[in-house]
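The sequence shown begins at 1 in the working numbering and counts up one residue at a time. A short worksheet on the structure shown next.
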Amino acid sequence: MGDKNGASASADDGLLLQKFFVDVKLERENEVNRYLTMEEDANNEVAPVPSVDVNRPLWRYVTKQGRTSKGGGNQNFECSFCNGSYKGSYSRVKAHLLRMVGYGIKGCPKVTVGQINEMINLEDEALRRIESGRAKMIPFPHSSTSPSYSVPIDALSRSSFKQDTCEPRKRKMVGDNVVEKASNLEVKEQLDGEIARMFYAGGIPFNFARNPHFLRAFTFAAKANISGYVPPSYDDLRTKLLTNERTIIDGLLNHTRSTWRTKGASIVSNGWSDPQKRPLINFMAINMGGPVFISAVNNQGEYKDECSIYHLMKEVIMEVGVTNVIQVITDNVPVCKAAGMLIEETYPHIFWTPCVVHTLNLALENICAAKNTEANGITYHECQWITEVVGSALMIHNFIMNHSMRPAIYNKFPKIKLLAVAETRFASMIILLKRFKLVKHQLQSMVISEQWSCYREEDVAKAKLVKEKLLNDVWWDYVDYILTLTEPIYSMLRFLDTDKPCLHLVYEMWGSMMHLVKRNIYAHEMKSDGDESSFWNVVRIILEDRWSSSSNPLHCLAHSLNPRCTTKEWENEHPYLTPPRSDHEVSKMRKLCLKRLFPSEDTRREVNVEVAKFFGFLDGFAEEDSIRDRSKLKPIEWWLVYGSSAPHLQSLCIKLLGQVCSSSCCERNWSTYAFIHSTKRDQITSQCAEDLVYVHSNLRLLSRKTPQYMQGDNRMWDVAGDAFESLDDVGILAIANLSLDEPEFEAVLFADKGIK
Numbered sequence: 001m002g003d004k005n006g007a008s009a010s011a012d013d014g015l016l017l018q019k020f021f022v023d024v025k026l027e028r029e030n031e032v033n034r035y036l037t038m039e040e041d042a043n044n045e046v047a048p049v050p051s052v053d054v055n056r057p058l059w060r061y062v063t064k065q066g067r068t069s070k071g072g073g074n075q076n077f078e079c080s081f082c083n084g085s086y087k088g089s090y091s092r093v094k095a096h097l098l099r100m101v102g103y104g105i106k107g108c109p110k111v112t113v114g115q116i117n118e119m120i121n122l123e124d125e126a127l128r129r130i131e132s133g134r135a136k137m138i139p140f141p142h143s144s145t146s147p148s149y150s151v152p153i154d155a156l157s158r159s160s161f162k163q164d165t166c167e168p169r170k171r172k173m174v175g176d177n178v179v180e181k182a183s184n185l186e187v188k189e190q191l192d193g194e195i196a197r198m199f200y201a202g203g204i205p206f207n208f209a210r211n212p213h214f215l216r217a218f219t220f221a222a223k224a225n226i227s228g229y230v231p232p233s234y235d236d237l238r239t240k241l242l243t244n245e246r247t248i249i250d251g252l253l254n255h256t257r258s259t260w261r262t263k264g265a266s267i268v269s270n271g272w273s274d275p276q277k278r279p280l281i282n283f284m285a286i287n288m289g290g291p292v293f294i295s296a297v298n299n300q301g302e303y304k305d306e307c308s309i310y311h312l313m314k315e316v317i318m319e320v321g322v323t324n325v326i327q328v329i330t331d332n333v334p335v336c337k338a339a340g341m342l343i344e345e346t347y348p349h350i351f352w353t354p355c356v357v358h359t360l361n362l363a364l365e366n367i368c369a370a371k372n373t374e375a376n377g378i379t380y381h382e383c384q385w386i387t388e389v390v391g392s393a394l395m396i397h398n399f400i401m402n403h404s405m406r407p408a409i410y411n412k413f414p415k416i417k418l419l420a421v422a423e424t425r426f427a428s429m430i431i432l433l434k435r436f437k438l439v440k441h442q443l444q445s446m447v448i449s450e451q452w453s454c455y456r457e458e459d460v461a462k463a464k465l466v467k468e469k470l471l472n473d474v475w476w477d478y479v480d481y482i483l484t485l486t487e488p489i490y491s492m493l494r495f496l497d498t499d500k501p502c503l504h505l506v507y508e509m510w511g512s513m514m515h516l517v518k519r520n521i522y523a524h525e526m527k528s529d530g531d532e533s534s535f536w537n538v539v540r541i542i543l544e545d546r547w548s549s550s551s552n553p554l555h556c557l558a559h560s561l562n563p564r565c566t567t568k569e570w571e572n573e574h575p576y577l578t579p580p581r582s583d584h585e586v587s588k589m590r591k592l593c594l595k596r597l598f599p600s601e602d603t604r605r606e607v608n609v610e611v612a613k614f615f616g617f618l619d620g621f622a623e624e625d626s627i628r629d630r631s632k633l634k635p636i637e638w639w640l641v642y643g644s645s646a647p648h649l650q651s652l653c654i655k656l657l658g659q660v661c662s663s664s665c666c667e668r669n670w671s672t673y674a675f676i677h678s679t680k681r682d683q684i685t686s687q688c689a690e691d692l693v694y695v696h697s698n699l700r701l702l703s704r705k706t707p708q709y710m711q712g713d714n715r716m717w718d719v720a721g722d723a724f725e726s727l728d729d730v731g732i733l734a735i736a737n738l739s740l741d742e743p744e745f746e747a748v749l750f751a752d753k754g755i756k
């Protein structure tokens, strides 16, 4: 759904991230540089470096201006991109061109991401070429009580024991090859054992073995062959290395932050409680370039009224930039709404927007779990049958999940594992019924199997009821109907539960969703459009009330400025919706937004003229290509190509049409703060904790932007969370839960576990 340019930039950032972590501050490269310098000085100490050096390919991107007075490999050089003059060795040339930090030289401000990728590839090829030509190291066999040593092959050939004839030396090399292979196998087995022991002793989740940073660390250590290397200490990990990593992360996020000025940003926030019952609030900034974690605030010991939340929001807005922020998204509880209203009073151009996914989830709860109260009597009367079916499903679910023989049930009927659904997930009731449909045949096989006589002994009365429900065709028909009538709501929830731009789709999708829900109900009741349906009337009121309490003027503004919504194709696809130019509610909300965004009357008059030209296909909007591409290009693409005749609207649309409508990226960050602030880590300083959360969160967010994230054995490596889940049984349950918040992962994860 995002802008193609944004998607491409994200892919470029991801590739740069993966390569950058390999290149930054690598001692292997320093070793290679020393090797090249020694080789160069030995050949001709005063000879100029050739203009094209295959082992130092980045020299071609600078102009050398002679050696410095320091000698060695230091050169005066001028960058071909920024034309800046600098001095230093090849390491500084590389650090300047690749924007590497910590090398005493600033990064090139003119080089593009694509050019950096090209240079990284050239550098990798050179490193492989150099390493393939260096002396191989043969590890000698060793006992468990003696140290092992590695000696260069060429050192052996130069020793006093060198043979005088070629033939014995040839036979020795063959023998050495056998020794090398056998020794490498022994060393590999020993290293595997040490790594496994680290997992077992530290209680590290097995899923951590899929962490690309874990793999990269050991791969680099094996290639670098750093003699006498000792891993970083406890103090180094929590102090200087953590500080350095935060600096590197900041550098990697600079590109995304730089887009906030022209493309705008949304502040998304979500409150929750960790396992220690501490009230926490996450804050992230996001646009079509991706999310950036800002902070996680521990609000323990403070009175959580609208003023305290307002001040937290204000601090984040100041950090992101007041003029860069388009909206603040939270859930729609009263205290957040009140804080949002205070933000709008302070910054009239910033809108408080309730999370649409939360709103849809509340609507599903009103329909599927209607409360039997005096004020809710009519709704409960019409929806009582849904509440009873969902209640039966929960009873069956709890019977299985809490059964003492659950492992035996899973072994005999493995698909039943998919019934593990966390109650805190969005649309958990609908997901549960969907899982019931998915494993219907195994559930029925379970209650008619020979093993059922053992399973039912734990609670005979409840087991009898479970069997009756699972073998009752009428009960399954009710399940089918519930899934059918709620499918439009559930589909919209899943579609909008993303960190991709979708603000401009909310108004249109809500209207389409209500139309489809009505159609499904009327089809089941075999009624025509003109007929009355008491059940539909109740559902309609629930959906309309949720929209009224959660809609935002930005939804209407973004909808009306979506070029596709002004075309005949759109009108034909949505005959039940009024076009934005004729919709009274949309027009009213659009004018309200423009008045806040453009407080100057003269400027607002110019904007209104541009709006008229846009709706009337006038001036620059009258071109044939402009009209045709309204239904072909993505909204931001269209405004970038054809919006120059309306500069105010063009600038607004580039920002507005790239925003999200939910706090999903914050929802998926729930486990992070608990991971950092567990009782085992309570003694760390507040600054250390803040840095840990910041680095931990943003490393994962950046990893998700790499192409490799959805490829290979390590794809989606971070979806299992931070909990200790070493048992395969628990791992599958976690995957069943995670698929609810990560629907795009569901097919891949289930397939990996052999669940179809």
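Each residue gets a CB set at the ideal place from its N, CA and C atoms; glycine is no exception.
With DSSP as the reference, identify every bridge partner of residue i, one or two as the case may be.
{"i": "glycine 88", "result": "Gln75"}
{"i": "aspartate 353", "result": "According to the sequence displayed, residue 353 carries threonine and not aspartate. Answer by DSSP bridge pairing, in chain order: Ile329."}
{"i": "asparagine 270", "result": "Asn282"}
{"i": "phenylalanine 293", "result": "Met284"}
{"i": "asparagine 764", "result": "This structure leaves residue 764 out entirely; the chain is present only between 1 and 756."}
{"i": "alanine 265", "result": "Val325"}
Identify, in the order they occur along the chain, each residue of the same chain with its Cβ nearer than 8 Å to the Cβ of residue i, setting aside the five sequence neighbours on each side.
{"i": "tyrosine 347", "result": "Ile317, Val322 and Val325"}
{"i": "asparagine 814", "result": "For residue 814 there is no data in the structure shown, the boundaries of the chain being 1 and 756."}
{"i": "lysine 415", "result": "Leu438, Val439, Gln442 and Ile755"}
For residue i, which of the options has the nearest alpha-carbon?
{"i": "serine 664", "options": "Val292, Ala201, Lys314 and Asn121", "result": "Val292"}
{"i": "phenylalanine 617", "options": "Thr567, Cys593 and His559", "result": "Thr567"}
{"i": "aspartate 124", "options": "Lys94, Asp250 and Cys108", "result": "Lys94"}
{"i": "valine 101", "options": "Met509, Glu585, Asn254 and Ala201", "result": "Asn254"}
{"i": "methionine 401", "options": "Leu418, Pro579 and Glu306", "result": "Leu418"}
{"i": "serine 697", "options": "Tyr234, Asn207, Thr68 and Arg246", "result": "Arg246"}
{"i": "arginine 704", "options": "Ile226, Ser227, Gly290 and Pro231", "result": "Gly290"}
Determine the extent of the alpha helix (DSSP H) in which residue i is found, giving its start and end residues.
{"i": "threonine 63", "result": "Here threonine 63 belongs to no alpha helix (DSSP H); instead the beta strand (DSSP E) covers 62 to 67."}
{"i": "glutamate 638", "result": "Checking the sequence, you will find tryptophan at residue 638 rather than glutamate. Tryptophan 638 -> alpha helix (DSSP H) spans 635 to 642."}
{"i": "alanine 221", "result": "212 to 224"}
{"i": "glutamate 390", "result": "The question names glutamate, but residue 390 in the sequence shown is valine. That run of the alpha helix (DSSP H) goes 377 to 401."}
{"i": "cysteine 556", "result": "553 to 560"}
If I measure Cβ to Cβ from residue i and keep anything under 7 Å in the same chain, skipping five residues before and after, which residues do I get?
{"i": "isoleucine 489", "result": "Leu360, Ala363, Leu364, Met513 and Val517"}
{"i": "leucine 592", "result": "Pro553"}
{"i": "alanine 777", "result": "Outside the shown range of the chain, which is 1 to 756, sits residue 777, and nothing can be said about it."}
{"i": "phenylalanine 413", "result": "Gln442, Ser445 and Met446"}
{"i": "isoleucine 105", "result": "Tyr86, Gly88, Arg92, Ala95 and His96"}
Within the same chain, show all residues whose beta-carbon is closer than 6 Å to that of residue i, passing over the 5 residues directly before and after it, in chain order.
{"i": "alanine 126", "result": "Asn55 and Pro57"}
{"i": "threonine 679", "result": "Here the model assigns threonine 679 a pLDDT of 36, short of 50, so the residue's position is not dependable, and the following value carries that caveat. Closer than 6 Å at the Cβ level, and outside the excluded window around threonine 679, lies no residue."}
{"i": "asparagine 366", "result": "Ile542"}
{"i": "methionine 429", "result": "Cys368 and Val390"}
{"i": "serine 626", "result": "Tyr642"}
{"i": "valine 466", "result": "Ile396 and Phe399"}
What's the C-alpha gap between residue i and residue j?
{"i": "proline 205", "j": "phenylalanine 199", "result": "7 Å"}
{"i": "phenylalanine 218", "j": "leucine 438", "result": "41 Å"}
{"i": "phenylalanine 505", "j": "histidine 555", "result": "The residue asked about is misnamed: residue 505 is leucine in this sequence, not phenylalanine. Cα-Cα distance, rounded: 8 Å."}
{"i": "leucine 561", "j": "leucine 701", "result": "30 Å"}
{"i": "proline 109", "j": "asparagine 117", "result": "15 Å"}
{"i": "serine 587", "j": "cysteine 355", "result": "23 Å"}
{"i": "histidine 381", "j": "leucine 471", "result": "26 Å"}
{"i": "methionine 492", "j": "cysteine 502", "result": "11 Å"}
{"i": "alanine 558", "j": "valine 660", "result": "11 Å"}
{"i": "glycine 574", "j": "lysine 527", "result": "Reading the sequence as shown, one finds histidine at residue 574 and not glycine. Each residue's Cα considered, the two are about 21 Å apart."}
{"i": "serine 91", "j": "leucine 241", "result": "21 Å"}
{"i": "glutamate 725", "j": "histidine 358", "result": "Any reading at glutamate 725 is ruled out, since the residue's pLDDT is 41, under 50, leaving its predicted position unreliable."}
{"i": "glycine 88", "j": "asparagine 74", "result": "4 Å"}
{"i": "glutamine 115", "j": "serine 80", "result": "12 Å"}
{"i": "histidine 213", "j": "proline 580", "result": "49 Å"}
{"i": "leucine 237", "j": "proline 599", "result": "51 Å"}
Does the ligand COA have even one heavy atom less than 8 Å from the beta-carbon of residue i?
{"i": "glutamate 623", "result": "Ligands displayed in this structure: none; no statement on the ligand COA is therefore possible."}
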